[in-house]
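Heads up: the sequence shown begins at 15 in the numbering used here, then just goes up one per residue.
In this text, a Cβ means the ideal position worked out from N, Cα and C, and glycines have one as well.
I have placed the structure first, in the form of structure tokens, so that the comments after it can refer back to it.
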Amino acid sequence: MAVINKIWSMLALVTIFSWSPILFSQALANGLAEPKGFCYLNGLAERLRCGYVSVAEDPGKPNGRKIDIHYVVMPAVKPVYKNEALLAIAGGPGQSAIDNAALFNSTFSKVRETRDILLIDQRGTGRSNPLACPGDSALSPLLMDGRAFDVIAETKKCLNALDADVAMYNSTIALNDFEVVRQTLGYEKLHLYGISYGSRMAQLYMRHYGDSLVTVTLDGVVPMQIPVIAVGLSVDRAIDRLLKDCAEDIACADKFPNLTVILGTINSQLENQPTIINTFHPVTGEPTDFFLTRD
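Structure (structure tokens):
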């Protein structure tokens, strides 16, 4: 049964650097906090605390261009630990933590009984000077024939249109933004939760600012020694292992006979003739046509 559950999980899966921390104190000194305000987010009826901290886009140029790092605080029901918060770091890289507020609120409802939940949109994501290309969407590869898409040309076009020095948008610099927000909001300690790519950020946090942390939870760990670009190879190995486990499990093999052959046949068919499928949009819930290729 466990293997069957893995099969369904696989089918439902939606895929979720270099700068010296010596410059952190300089970044903090040049951070400008917006007075605390309030906001409402999708999926949550209550009013939340929100704001941003202005930091130098290039930490080496503290008097240069500033960008705004946005945050949201979901306040504790009963603030027993006023000097602590749980910082939930989203995956991707590229996901907005703030846009996932309702999910984090549900996941950490017990934590929120006594501690604030802090969400920060990492620089380049969400509301923090997002590096978004025209038409950029996690679903866009499913809406067109990717074989006719000139990735290199479109990437150059997008890069030229971005209002940002993209060399300044890496994990280590973003980590220092997080620490600026922590100190600006007055939290003495953080409990960290990082999922997928967020687990990588959490590991960096432990490496550079361990004294700021009480506990760390890593979910769907991305090891520091593995390049992000190699994740695809790991996915291939995981699928191969899953197929093998299913074949060796009586219940799974009965439920999904010849799964390896079926998957190979589907891949071959899509390689020769991509197809359009109509299914429910994962965000809107509306029936939507998706262009399905082997890739």
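Identify the continuous beta strand (DSSP E) that holds residue i and give its terminal residues.
i	result
Lys203	Lys203 to Ile209
Asn293	First, the amino acid is wrong: residue 293 is Thr here, not Asn. Its beta strand (DSSP E) spans residues Thr289 to Phe294.
Lys80	Lys80 to Met88
Val180	Counting along the chain, Val180 falls outside any beta strand (DSSP E), and DSSP gives it neither H nor E.
I'd like to confirm the pairing. Which residues does DSSP put opposite residue i in its beta bridges?
i	result
Thr229	His205
Ala99	Asp130 and Leu204
Gly51	Cys64
Asp268	DSSP output for Asp268 lists no bridge partner at all.
Ala70	Lys80
For my contact list, residue i and residue j are in at a C-beta cut-off of 8 angstroms; report their separation, rounded to the angstrom.
i	j	result
Leu273	Leu306	Not really, about 19 angstroms apart at Cβ, beyond 8 angstroms.
Ala216	Ile103	6 angstroms
Glu60	Val91	At roughly 10 angstroms, the Cβ-Cβ gap does not stay under 8 angstroms, so Glu60 and Val91 are not in contact.
Val86	Thr198	In fact, because the Cβ distance is near 14 angstroms, the residues do not count as touching under 8 angstroms.
Asn69	Lys80	According to the sequence shown, residue 69 is Val rather than Asn. Correct: roughly 7 angstroms between the Cβ atoms.
Tyr219	Leu173	With 8 angstroms as the limit, Tyr219 and Leu173 do not qualify as a contact, their Cβ atoms being about 29 angstroms apart.
Tyr201	Gly138	Between Gly138 and Tyr201 the Cβ distance is about 23 angstroms, and since that is not below 8 angstroms, they are no contact.
Ala252	Cys260	That pair is no contact at about 13 angstroms.
Lys203	Ser185	Actually they do not touch by this definition, with Cβ atoms about 22 angstroms apart.
Gly65	Ser110	Between Ser110 and Gly65 the Cβ distance is about 16 angstroms, and since that is not below 8 angstroms, they are no contact.
Phe304	Ile290	7 angstroms
Val195	Ile83	6 angstroms
Can you tell me where the alpha helix (DSSP H) holding residue i begins and where it ends?
i	result
Gly278	Leu273 to Asn286
Leu306	First-last for Leu306: Pro301 to Leu306, but that is the beta strand (DSSP E), not the alpha helix (DSSP H).
Asn119	Ala115 to Thr121
So is the beta-carbon of residue i under 7 angstroms away from any non-hydrogen atom of the ligand NAP?
i	result
Ile131	This structure simply doesn't include the ligand NAP, nor any ligand for that matter.
Give a yes or no on whether the minimum CB-CB distance between residue i and chain E is below 8 angstroms.
i	result
Asn119	No chain E is present in this structure, which holds just one protein chain.
Would you call the stretch 116 to 124 and the stretch 139 to 146 touching, i.e. three or more CB-CB distances under 8 angstroms? Not touching, per the Cβ criterion.
So, do the stretch 125 to 135 and the stretch 228 to 238 have three or more beta carbon pairs nearer to each other than 8 angstroms? Output reads no: the stretch 228 to 238 does not touch the stretch 125 to 135.
Decide yes or no for the touch test of the stretch 204 to 214 against the stretch 89 to 105: beta carbon pairs closer than 8 angstroms, at least 3 of them. Taking 8 angstroms as the limit for Cβ pairs, the verdict is that the stretch 89 to 105 does touch the stretch 204 to 214.
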